[in-house]
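K.L.:
Got a structure for you, questions after.
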Amino acid sequence: MDRHQLCEALSAAGVPAGLYEIADCPGSPGCPRPEDRLYLEKQAGEWVMGVQQRGMRTVLERFPDEDQACRSLYAELTDGGPPPSPLTPEETEELLHDSEGIQRRAREQLARALEAARQPPRGDAGQHARDDPGR
Numbered sequence: 001m002d003r004h005q006l007c008e009a010l011s012a013a014g015v016p017a018g019l020y021e022i023a024d025c026p027g028s029p030g031c032p033r034p035e036d037r038l039y040l041e042k043q044a045g046e047w048v049m050g051v052q053q054r055g056m057r058t059v060l061e062r063f064p065d066e067d068q069a070c071r072s073l074y075a076e077l078t079d080g081g082p083p084p085s086p087l088t089p090e091e092t093e094e095l096l097h098d099s100e101g102i103q104r105r106a107r108e109q110l111a112r113a114l115e116a117a118r119q120p121p122r123g124d125a126g127q128h129a130r131d132d133p134g135r
């Protein structure tokens, strides 16, 4: 598979063109690309698949040829993940009778995660210097 065939295959699979960027393949007209997206391009004689986040590109995988790179990106963009497992009778009972509690716990977990994301990383050497005026 080459990158042009990949573009056609992704379109046929219903993958939104804004989720990826492929060298020399146009996206859907009028389809804005989100800030975060997967990309595929040739670099220094090899094919790379990566992710662009907040304007920075990170290589996820390198391939010796275009076919392997295209197949990998296709799999990444079309994999729906594992099928959902059926609920146990206990989980079903909890959902039916404690949906408010489940929602409350989910909101609490989200609030904790957002708060943790706002905190500076631990072990920041610059933070110690700011905390200790004697330095």
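If you count by UniProt numbering, then the sequence shown holds residues 1 to 135, one letter each, in order. Heads up, the beta-carbon is just placed ideally off N, CA and C, and yes, glycines get one too. Source: prediction; values computed, not measured.
Which residue marks the beginning of the beta strand (DSSP E) containing Gly50, and which one marks its end?
P.N.:
Looking at the DSSP string, the run of the beta strand (DSSP E) that includes Gly50 is Glu46 to Gln53.
K.L.:
Use the C-beta contact count for Met49: other C-beta atoms within 10 angstroms, 16 or more gives buried, fewer gives exposed.
P.N.:
Under this definition Met49 is a buried residue.
K.L.:
By the three-class DSSP mapping on this structure, what secondary structure does Glu66 have?
P.N.:
Three-state DSSP puts Glu66 in a helix.
K.L.:
Is Thr92 close to chain C, meaning its C-beta is less than 8 Å from at least one C-beta of that chain?
P.N.:
This model lacks chain C altogether; it includes just one protein chain.
K.L.:
Using DSSP bridges, identify the partner residues of Glu41.
P.N.:
DSSP lists Val48 as partners of Glu41.
K.L.:
In its own chain, which residues sit with a C-beta less than 6 Å from the C-beta of Phe63, not counting the 5 before and 5 after it?
P.N.:
These residues qualify, in order along the chain: Trp47 and Ala69.
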